[in-house]
Amino acid sequence: MKFDQPLRAINNKLPNKKPSYYLKLLVVVVVSAILVSTLLIAAGVNERISGNVGGLIAFLIVPCFFGYMLAHLYNVERKASDSVNVYLPQLTSSESFNKISDGFSSFTRFLLVIYAYLLLVLIIALPVMGVLSALAS
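According to the numbering used here, numbering within the sequence shown proceeds without interruption in unit steps and concludes at 302.
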């Protein structure tokens, strides 16, 4: 696909190309957001402040998921026919099955690229909206 070149450039800049790294990072961010919010509430800090701090940490979930999605999209070489080959090897020898499988995988890849662009817009827009809402109040 031609229109996913910016995503490929972002993928090349990722510090780690393995999706499991981003899943571990995602778990760490979720647990730390819960812990920080709980500790701030237990310390008697205003609920609004503790919620905002927890929300800022929880915002890191979106870039972690974006990194996971890019790492999986461009660095994992798997086809749908690989899993079918284990159970029904005679089906994967069919040319019509291979065409349908390739069409389905290209369609899901297209949807993932569109979703990645939506996440990228979200990553850019949310901090801007946060700053604007802080200035307004």
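Virtual Cβ for every residue (Gly too), placed ideally from N, Cα, C.
Rounded C-alpha distance that separates residue i from residue j
i      : j      : result
Phe221 : Val241 : Here the sequence assigns Leu to residue 221, which means Phe is not the residue at that position. Looking at the two C-alpha atoms, the distance is approximately 30 angstroms.
Ala198 : Ser271 : 36 angstroms
Ser202 : Ser215 : 5 angstroms
Pro228 : Arg274 : 19 angstroms
Val210 : Asn263 : 59 angstroms
Leu204 : Ala301 : 29 angstroms
Lys183 : Phe231 : 13 angstroms
Glu260 : Val296 : 55 angstroms
Tyr282 : Val196 : 27 angstroms
Pro180 : Phe224 : 19 angstroms
Counted within 10 angstroms of its Cβ, other Cβ atoms place residue i as buried (16 or more) or exposed
i      : result
Leu276 : exposed
Ile168 : Strictly speaking, residue 168 in this sequence is Phe, with Ile absent from that position. Phe168 should be labelled exposed.
Leu291 : exposed
Met234 : buried
Tyr280 : exposed
Val194 : buried
Ala299 : exposed
Ala236 : buried
Close beta carbons around residue i, own chain, < 8 angstroms, minus the five adjacent residues each side
i      : result
Arg173 : Tyr239
Beta-carbon proximity list for residue i, same chain, < 7 angstroms, skipping 5 on both sides
i      : result
Ser219 : The sequence shown places Gly at residue 219, rather than the Ser named in the question. Closer than 7 angstroms at the Cβ level, and outside the excluded window around Gly219, lie Ala198, Val201 and Ser202.
Leu287 : Val227
Asn177 : none
Residues of its chain near residue i, where Cβ-Cβ distance is below 6 angstroms and the 5 sequence neighbours each way are ignored
i      : result
Val192 : none
Problem - Runs of beta strand (DSSP E) lying entirely within the region 181 to 257, each at least 3 residues, in chain order - result: none
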